[in-house]
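Data block below; observations after.
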Amino acid sequence: QPSYSRLDDLARGEFHPLLVDLTTIDRGPVDRVIVTSGKHYYDLLSERSKAGLQNQPILRVEQLYPFPVHSLRDELARFPRLRTVVWAQEEAKNHGAWHLVRDQLEAALPPEASLTYAGRSPAAPSAVCNAQVHAAEQYNAVAGALGIMPG
Numbered sequence: 023q024p025s026y027s028r029l030d031d032l033a034r035g036e037f038h039p040l041l042v043d044l045t046t047i048d049r050g051p052v053d054r055v056i057v058t059s060g061k062h063y064y065d066l067l068s069e070r071s072k073a074g075l076q077n078q079p080i081l082r083v084e085q086l087y088p089f090p091v092h093s094l095r096d097e098l099a100r101f102p103r104l105r106t107v108v109w110a111q112e113e114a115k116n117h118g119a120w121h122l123v124r125d126q127l128e129a130a131l132p133p134e135a136s137l138t139y140a141g142r143s144p145a146a147p148s149a150v151c152n153a154q155v156h157a158a159e160q161y162n163a164v165a166g167a168l169g170i171m172p173g
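In terms of the working numbering, the sequence shown is residues 23 to 173.
Written as structure tokens, this is what we have:
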């Protein structure tokens, strides 16, 4: 599982409210950036690798409040052809951080870029009670964020 921290990182490291994806080799042609939070990052990272989309950056917000709007704005400005910023979350639209961060994300956008949501549709329950339905919803949320057709 890639979502772990070494004890030395916790003892001697420092907290970063925004973690930048350093795997993107060439920022020039990038027109779409995914912003996410929490463990959903690892689902996106895994599927991105399977789909061969290494030039699809994924930025991780580690602190939702106060939101790191200036850091995000600076990072998004490093993509000269950026047109779409995707907020990706695994929760339903009305359960996750979307409503908390939407205005902050819009404030960080470059003038030419637009913001979209990728995740589960609004729902009354926080989770479905069927493992197969959950797996399908999870895959569709990840595929939607990456811009690939759900299969």
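C-beta: ideal position from N, C-alpha, C; glycine also.
Where DSSP assigns a beta bridge to Ile47, which residues make up the other side?
As a position in the sequence shown, residue 47 is number 25, starting the count at 1. DSSP, once it has assigned bridges, lists no residue as partnering Ile47.
Report yes if the CB atom of Ala165 is closer than 8 Å to the CB atom of Ala110, and no otherwise.
Taking the first residue of the sequence shown as position 1, residue 165 is located at position 143. Taking the first residue of the sequence shown as position 1, residue 110 is located at position 88. Contact flag unset, no.
List the endpoints of the continuous alpha helix (DSSP H) containing Glu183.
Absent from the model: residue 183. The displayed extent of the chain is 23 to 173, so no value can be given.
Buried or exposed: which applies to Glu36, given that a residue is buried once 16 or more other Cβ atoms fall within 10 Å of its Cβ?
Here residue 36 refers to the residue found at position 14 when the sequence shown is read from its first residue. Glu36 comes out exposed.
What did DSSP end up calling Arg95 once you bin it into helix, strand or coil?
Your numbering for residue 95 matches position 73 in the sequence shown. Reduced to three states, the DSSP call for Arg95 is helix.
Whose CA, out of Asn162, Arg95, Arg82 and Pro39, lies closest to the CA of Lys61?
For the purposes of this step, residue 61 is identified with residue 39 of the sequence shown, where counting begins at 1. Nearest option by C-alpha distance: Arg82.
How many angstroms separate the CA atom of Leu32 from the CA atom of Thr58?
Counting from 1 along the sequence shown, the entry for residue 32 is found at position 10. Counting from 1 along the sequence shown, the entry for residue 58 is found at position 36. Each residue's Cα considered, the two are about 22 Å apart.
Do you know whose CA, among Leu29, Ser27, Arg103 and Pro39, lies nearest Phe89's CA?
Indexing the sequence shown from 1 puts residue 89 at position 67. Residue Pro39 is the option with its Cα nearest to Phe89.
Closer than 8 Å is the cut-off here; do at least three beta carbon pairs connect the segment 126-133 with the segment 93-100?
They touch, by the three-pair rule.
Could you say if the segment 43-53 and the segment 138-151 meet the contact criterion of at least three C-beta pairs nearer than 8 Å?
No, they do not touch.
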